[in-house]
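Participant:
Numbering (our numbering), first residue to last: -10 to 308.
#1: Can you tell me the Cα-Cα spacing of residue 314 and residue 115, whole angstroms?
#2: Would you tell me roughly how many angstroms separate the C-alpha atoms of residue 29 and residue 123, rounded to the nearest one?
#3: What's the gap between the Cα of residue -3 and the Cα of residue 179?
#4: For residue 81, which residues from the same chain have a beta carbon less than 8 Å from its beta carbon, with the 5 sequence-adjacent residues on both sides left out?
#5: Would residue 267 be called buried (16 or more neighbouring beta carbons within 10 Å of its own) or exposed?
#6: Taking three-plus beta-carbon pairs below 8 Å as touching, is the segment 48 to 60 in contact with the segment 214 to 226?
#7: Let's test the definition: count the other Cβ atoms within 10 Å of the Cβ of residue 210 and tell me whether it reaches 16, buried, or not, exposed.
#8: Just to confirm, are residue 291 and residue 303 a CB contact at a threshold of 8 Å?
#9: Are the beta-carbon atoms of residue 33 and residue 246 separated by less than 8 Å?
#10: Please work out which residues of its chain come closer than 7 Å, Cβ to Cβ, to residue 277, disregarding the five sequence neighbours upstream and downstream, and give them in chain order.
#11: Go through the segment 138 to 207 residue by residue and report every complete run of the alpha helix (DSSP H) that reaches 4 residues or more, in order.
#12: Just to check my reading of the structure: residue 94 and residue 60 have Cβ atoms closer than 8 Å, yes? What is that Cβ distance to the nearest angstrom?
#13: If we count the other Cβ atoms within 10 Å of its Cβ and call it buried at 16 or more, is residue 91 buried or exposed?
#14: In the DSSP assignment, find the unbroken beta strand (DSSP E) run with residue 308 in it and report its ends.
#15: Since residue 100 is in the alpha helix (DSSP H), which residue starts that stretch and which ends it?
#16: Return the residue from the list 229, 40, -5 that minimises the CA-CA distance to residue 208.
#17: Taking the Cβ atom as the reference point for each residue, do residue 119 and residue 11 lie within a distance shorter than 8 Å?
#18: Can you look up residue 127 in the DSSP assignment and give me helix, strand or coil?
#19: Check each candidate in 146, 147, 168 and name the one with the smallest Cα separation from residue 153.
#20: Leaving out five residues on either side along the sequence, give the residues of the same chain with a beta carbon under 6 Å from the beta carbon of residue 205.
#21: Taking 8 Å as the limit between beta carbons, can you name the residues of its chain near residue 213, skipping five residues before and five after?
#22: Hey, out of 156, 295, 227, whose CA is closest to residue 173's CA?
#23: Apply the 10 Å Cβ neighbour rule to residue 185 and answer buried if 16 or more other Cβ atoms are within range, or exposed otherwise.
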């Protein structure tokens, strides 16, 4: 019985192995991913993002419990900061959510950003696809709280939840990072703290203008995740946004945008891998660096040479 057979038989260990294969960019990945893609497409992906200390992990924990208690198949992807030396997740699987291990219908995976410039790890979409193909119905993706560079989550998820806390600063300031553009739902967590109601009111006023453009009434949900307050309401708002997307013509635009992003991601990944492995080897790379440092070559001409070699490889069927 192969790992893929075990995977489709519902064995969690096989899912773990396939995710590791994806993260490590294993040699059979090009054959594996189309198989997973054909079996995926049913899961609903919810991204939760926001500043550090907003309580995203606790919120994900409580939300996952709520889904699981209603016999829902749940996947969780927690994207953790990478070690600059090992590129490993600093927070291992289940450390923050170990109580969820008691639920057989929840699968948790921590991932490192591994140098990605956004809040998501480079292979997050493919890991979510594996969970989808495995039969997970809802996938919760928690991203690194790094502010302005988290905007890639909107292209990876169906619903994006931005989590703030009253001490994030005033509402206008909180939205300057571009979070206004990606958020479908705002959560003010730790809402028992001073300033929560004021922040909710300010956000609601600002979001009224956005509603006129999209037709979606952007909710502001006040939660106290540690006390399990507001979690039911958040779940209901996620369901409402899903219904809005399925009933609205904008869903077609949403789907087309996701496919476009997917195509560019696959293309970018394959081109970079081929260049790194077959064209810009370490020796060649160092040679270019020395030539550029010596003033014998500029970076633009170096890239032209790389592209010329790449085009030759493609023409000769070596790509």
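Built from N, CA and C at the ideal position, the CB exists for glycine as well. Note that the structure is a prediction, hence the values are computed from the model and not measured.
Facilitator: Considering the structure as presented:
#1: Only positions -10 to 308 of the chain appear in the structure, and residue 314 is not among them; the question remains open.
#2: The alpha-carbon atoms of residue 29 and residue 123 are separated by roughly 8 Å.
#3: Between residue -3 and residue 179, the C-alpha separation is close to 40 Å.
#4: In this prediction, residue 81 has a pLDDT of 44, which is less than 50 and means its spatial position is unreliable; nothing more can be read from the coordinates.
#5: Residue 267 comes out exposed.
#6: Counting Cβ pairs under 8 Å, three or more are found: they touch.
#7: That one is buried.
#8: The answer is no: Cβ separation not under 8 Å.
#9: Not closer than 8 Å, so no.
#10: Excluding residues within five positions, the ones whose Cβ falls inside 7 Å are 286, 291.
#11: Entirely contained in the segment 138 to 207, the alpha helix (DSSP H) runs reaching 4 residues are, in chain order, 160 to 164, 168 to 171, 185 to 203.
#12: Taking C-beta atoms under 8 Å as the contact rule, residue 94 and residue 60 qualify, at a distance of about 7 Å.
#13: Classification of residue 91: exposed, given that the 10 Å Cβ count is below 16.
#14: Note, residue 308: premise wrong, no beta strand (DSSP E); not H, not E.
#15: That residue, residue 100, is in no alpha helix (DSSP H); its beta strand (DSSP E) goes 95 to 101.
#16: Selected option, being the one with the closest Cα: 229.
#17: Yes.
#18: If DSSP states are grouped into helix, strand and coil, residue 127 belongs with the strands.
#19: Put simply, of 146, 147, 168 the residue whose alpha carbon is nearest the alpha carbon of residue 153 is 168.
#20: Result list for residue 205: 233, in chain order.
#21: Spatial neighbours of residue 213 in its own chain (CB-CB distance under 8 Å, excluding positions within 5 residues in sequence) are listed in chain order as 178, 179, 180, 181, 219.
#22: For residue 173, the nearest C-alpha among the options comes from 227.
#23: Buried, because 16 or more other Cβ atoms sit within 10 Å of the Cβ of residue 185.
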